[in-house]
Structure formats: structure tokens, C-alpha cells
Amino acid sequence: MPKLNMVQWRKAIITSNKHAAIPIMTHPGIDFINKRVIDAVTNGEVHYKAIKALADNFPTSAATIIMDLTVESEAFGCKITFGDHEVPAVAERLVCDEESVKKLKVPSLQTGRVQEYLKASRLAAENIHDRPVIGGCIGPFSLAGRLFDMTEIMTAAYIEPDTILELLEKCTQFLISYVIAMKNTGINGIVIAEPAAGLLDESMCDIFSSAFVKRIVEATQDENFLVILHNCGNTGHVTQSMVSTGAMGLHFGNRIDMVKTLNEVPNNILVMGNLDPVGAFKMSSAAEMNTLTTNLLRETINFPNFIISSGCDTPPGVPAENIKAFFESIDNFNLS
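Numbering-wise (the working numbering), the sequence shown opens with residue 772 and increments by one.
Below you can see the structure in the form of C-alpha cells.
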């Protein structure tokens, strides 16, 4: 298969008279194939089959890989807790001070579940040819927060910034190697999930997140590989910091004013969001889902670089009726 030019794909999205849709969702696909969350997050083939099931059933503009923010932490050595039908979670911190950060080794890609996620990426790239396949990884500050503890890193960033910068350096080295490995599987892009950066003010976000994300972008993004930076913690205060990374796409959570954000982002950058993954996709009725989707499309109609999406990865237990209502609403809006 010839490589898909993602610069041209982005241009086609922006110049099209139809609204594109890329919800971040894999969990409904897990339900479709009658598997558990733990099966998909530990077995690359199961994970791929869930992605393929969604691609076969819904007209997404791109297929996305699950947003599991524990894979990289586990590779570094964190203990992870798993539930049959729950998203994995980091159980305890790995480093706590300058000495432990200095001793921390950058792991190889043979560690933990990394190879299973690379397998899912490779299988998806090999078997889904009618749309781009977008992988996923955690962002550097969010990874550092899981290794150091999220509450502790917020304090340490102020009182011992050099220690946190050293930790971020190691996180970024690993993430660059991981994203390059995913790129080599044949996928077309990556969503870097950096929600913890939303806890920082803009100047701190520039230093402790965006500068490191920019290095990942510069090492991996090209005409065949698009980087999307996700930050569902951003309420509008770090949008320009996100723009500064050079990512070709930005993905926002449901806490942000989408129209205000679109006015603040250059119109050649894809802007994605921001229907509530729990309140809308999981908890609403199909009729409410229709209304929420249609209202967001109406509000953003003057922004051709907007792609409607969930505000974050949809959780387990999203009703198929709500997903159908989401896409039917988009189809009806496009026809009108």
C-alpha cells in the first residue's frame, strides 16, 4: 500500500463541504467482539479486532487506537492494576526525589505491554485501508506525573524543577522511540494524550510540557504522519502553548469553549472535540445525543478545520444506540 499523505488528507478535511468525525473510541469495539477491557489492553490482536469492528460498523474519518495511559508507565516499572471491564490504572509512584530520578533507566520497547500495542498498530495498519489509522501514547508531563505522583510533581515543578526536567528528559527519550516504532508499523498518525498539562499555567506548560511535546513532533511528524495533541485538562488557558508544539492537530475536552478555541487556533490546524465522553456518549439517551451533536455542529459551522469528536476516550459501556445517533446526526447535518 502506498503511504497516505496526511498533509493532503488534512487539506481534504478542511476543504470538504462535509463534517468529518473522529470520536476517540475503542471500548465499544471491545463490546462488539464480546471481549473484556483486560483482553484488549493485554492482547494486541484482540485490541486490533476491536478497532476493526468499529471501522466496519461506523463511518469514522479515521480509526483510533485505545487511549491507555498506563502502557508507558508500566514500561518504566510502575505497578498497574487491571480490572476485567475497567481502564487500567497506575497503582503507586515509581520515583520520589532527585536520587531516584537519576537512577531511573529509560526502558526498552520490549518491556511490559509495549509490543502488544505495537502489534495492534501493525495489524490495524495492515488491514484498515479506507481511512487513516491513528495510534496513541501518553504525553511527557502526564507520564512524568504518573511516575512521580501527580500531586507531588505539581509541587516539585516549583521547588525542584531540575529534578522534574531530568525526569521529563527520560520520559521524552522513551516516547520518541515509542512513537517512531508505532510510525514504523505503518499507521498514519498519533494522538499524544497530555491531560496533566492542563493543571499548569501557560508559562509552566511551555516549560514542562509543550517544549518536550515539540521534540516528539519534530522527531516524528512529516507528510505521512500527523501528530494530534490531546489535552482534556485545558480550559482555555494553555491553548497557545498547545499550538506552539507544531502538532498538525489539537484535540480538546468537554470543559472548553469550542468556538472560542477555534477562533484562537490557526485555521490550518485541525481542531477536534468536544462532546462529553461520559455525560453525552455514555449517559445520555439517543435523542439527547442527537441534540448535543447537532448543536455542536451548528455552533462550529463556520470553522472548516473543525472535526467533531468525543472530548476524550469514550469509557466502557457506551450504548451502541448513542454512537449510531452521533453518526446519524452528522449525516443529517451534512445533508442539510
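Each residue gets a CB set at the ideal place from its N, CA and C atoms; glycine is no exception.
Secondary structure of Asn-1002, DSSP reduced to three states:
strand
If contacts are defined as beta-carbon pairs under 8 Å, then Ile-836 and Thr-797 qualify, I think. What distance do you get, rounded to the angstrom?
7 Å
Per-residue DSSP class, three states only, for Val-812:
Correct three-state label for Val-812: helix.
Tell me Ala-860's beta-bridge partners as DSSP assigns them.
Per DSSP, Thr-852.
Fully enclosed by the segment 943 to 982, which alpha helix (DSSP H) runs are 4 residues long or longer?
Secondary structure remark: continuous alpha helix (DSSP H) runs of at least 4 residues inside the segment 943 to 982, in chain order: 973 to 976.
Let me know the secondary structure DSSP gives Asp-993 once reduced to three states.
strand
Ile-1078 lies in the beta strand (DSSP E); which residues open and close that run?
1077 to 1081
Are the beta-carbon atoms of Ile-1072 and Ile-784 separated by less than 8 Å?
no
Report the CB separation of Gly-916 from Glu-965 in whole angstroms; it is logged as a contact under 8 Å.
Contact between Gly-916 and Glu-965 fails: their C-beta atoms lie close to 10 Å from each other, not under 8 Å.
Taking Cβ to Cβ, would you say Gly-969 is nearer than 8 Å to Asn-1005?
yes
Do Pro-830 and Ser-1080 have their beta-carbon atoms positioned less than 8 Å apart in this structure?
no
His-712: which of Phe-1097, Phe-1098 and Pro-1086 sits nearest, CA to CA?
Shown here, the chain extends from 772 to 1107; a query on residue 712 therefore has no answer.
Asn-1002 versus Met-921 - alpha carbon distance:
Distance between the alpha carbons of Asn-1002 and Met-921: 15 Å.
Taking only three categories from DSSP, how would you classify Phe-1118?
With the chain covering 772 to 1107 only, the question about residue 1118 has no answer from this structure.
Please state the DSSP three-state secondary structure of His-818.
helix
First and last residue of the beta strand (DSSP E) that includes Gly-906?
904 to 909
Pairwise C-alpha distance: Asp-868 and Thr-943:
Straight-line Cα distance between these residues: approximately 19 Å.
Candidates Asn-1076, Asn-814 and Ala-1096, of which the one nearest Pro-1037 by Cα
Asn-1076
Can you grab the Cα-Cα spacing for the pair Leu-880 / Val-950, in whole Å?
10 Å
Compute the Euclidean distance between the alpha carbons of Lys-941 and Ala-982, then round it to the nearest angstrom.
14 Å
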